[in-house]
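Each number in the numbering used here corresponds to the 1-based position in the sequence shown with 419 added.
Note that CB positions come from ideal geometry on N, CA and C, so glycine has one too.
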Amino acid sequence: MLSTLITLGCILLIVIAILLSLAAFFFSPGFTTRLRRLRGSDNSPPSGGIAGQGDKRRSSRIAVSPLSVNVTDGCIFCVALLDNISSKGVCLKELPNRLYRDTEILTLFSHDQGQIPLLHVQPRWQSQGSNGKKIGASIINPGAAWESFCASMQEDSGLVS
Numbered sequence: 420m421l422s423t424l425i426t427l428g429c430i431l432l433i434v435i436a437i438l439l440s441l442a443a444f445f446f447s448p449g450f451t452t453r454l455r456r457l458r459g460s461d462n463s464p465p466s467g468g469i470a471g472q473g474d475k476r477r478s479s480r481i482a483v484s485p486l487s488v489n490v491t492d493g494c495i496f497c498v499a500l501l502d503n504i505s506s507k508g509v510c511l512k513e514l515p516n517r518l519y520r521d522t523e524i525l526t527l528f529s530h531d532q533g534q535i536p537l538l539h540v541q542p543r544w545q546s547q548g549s550n551g552k553k554i555g556a557s558i559i560n561p562g563a564a565w566e567s568f569c570a571s572m573q574e575d576s577g578l579v580s
């Protein structure tokens, strides 16, 4: 009876050790970075600067004059500047470093009604600059209001590419 309990205890310890090893492997920073790259959601800025030249972007960019927007990741609230926009995404700059630490969705809204519609975006890349963090994000389910906003901004300022 005692030998059976000792054997079961040893087996249980081995199973726990294996589970802890697997957890350490799957939740290590290196593994999650490789997984993001495999899924195509790597957090590095797109290469190149012009659509179609090694760039991951699928839509032309529209330059916007400094337009501030409210941004939240569900915990932290801040104000950022829109750098450029497209029908499928936004580029935000001057964000605090503590915002978006592997958050899946950010919410954007404007100070004044009518500037930009409420948007839910998924960060795709980020870079660090002297004025804070810069994030490129794709818009989750852009609607007619966003398309209308992009069209009006394109008339006002022109394409970035």
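For residue j and residue i, the rounded distance between their alpha carbons
| i | j | result |
| --- | --- | --- |
| residue 426 | residue 439 | 20 Å |
| residue 529 | residue 499 | 10 Å |
| residue 511 | residue 540 | 11 Å |
| residue 522 | residue 509 | 16 Å |
| residue 559 | residue 433 | 44 Å |
| residue 491 | residue 437 | 39 Å |
| residue 564 | residue 574 | 16 Å |
| residue 471 | residue 514 | Note that residue 471 scores 39 on pLDDT, short of 50, meaning its location in the model is unreliable; the coordinates nonetheless yield the value given after this. So the alpha carbons of these two residues sit roughly 28 Å apart. |
| residue 435 | residue 441 | 10 Å |
Spatial neighbours of residue i in its chain, beta-carbon cut-off 8 Å, leaving aside the 5 residues before and after
| i | result |
| --- | --- |
| residue 572 | 481, 483 and 504 |
| residue 537 | 526, 527 and 528 |
Neighbour-count burial assignment, residue i, 16 or more Cβ in a 10 Å radius
| i | result |
| --- | --- |
| residue 467 | Because the pLDDT at residue 467 is just 42, under 50, the model does not fix this residue reliably, and the value given afterwards should be weighed accordingly. When all chains shown are included, residue 467 counts as exposed. |
| residue 531 | exposed |
| residue 569 | buried |
| residue 535 | buried |
| residue 501 | buried |
Sheet register partners of residue i (DSSP bridge)
| i | result |
| --- | --- |
| residue 541 | 557 |
| residue 429 | Note: residue 429 sits in no beta bridge, so no partner. |
Own chain partners of residue i with C-beta closer than 6 Å, once the 5 adjacent residues on each side are dropped
| i | result |
| --- | --- |
| residue 478 | 505, 506 and 507 |
Close beta carbons around residue i, own chain, < 7 Å, minus the five adjacent residues each side
| i | result |
| --- | --- |
| residue 497 | 490, 514, 515 and 518 |
With contact counted as at least three CB pairs below 8 Å, one residue from each stretch, are the segment 542-555 and the segment 479-489 in contact? Here the segment 542-555 makes no contact with the segment 479-489; the two share fewer than three CB pairs at distances below 8 Å.
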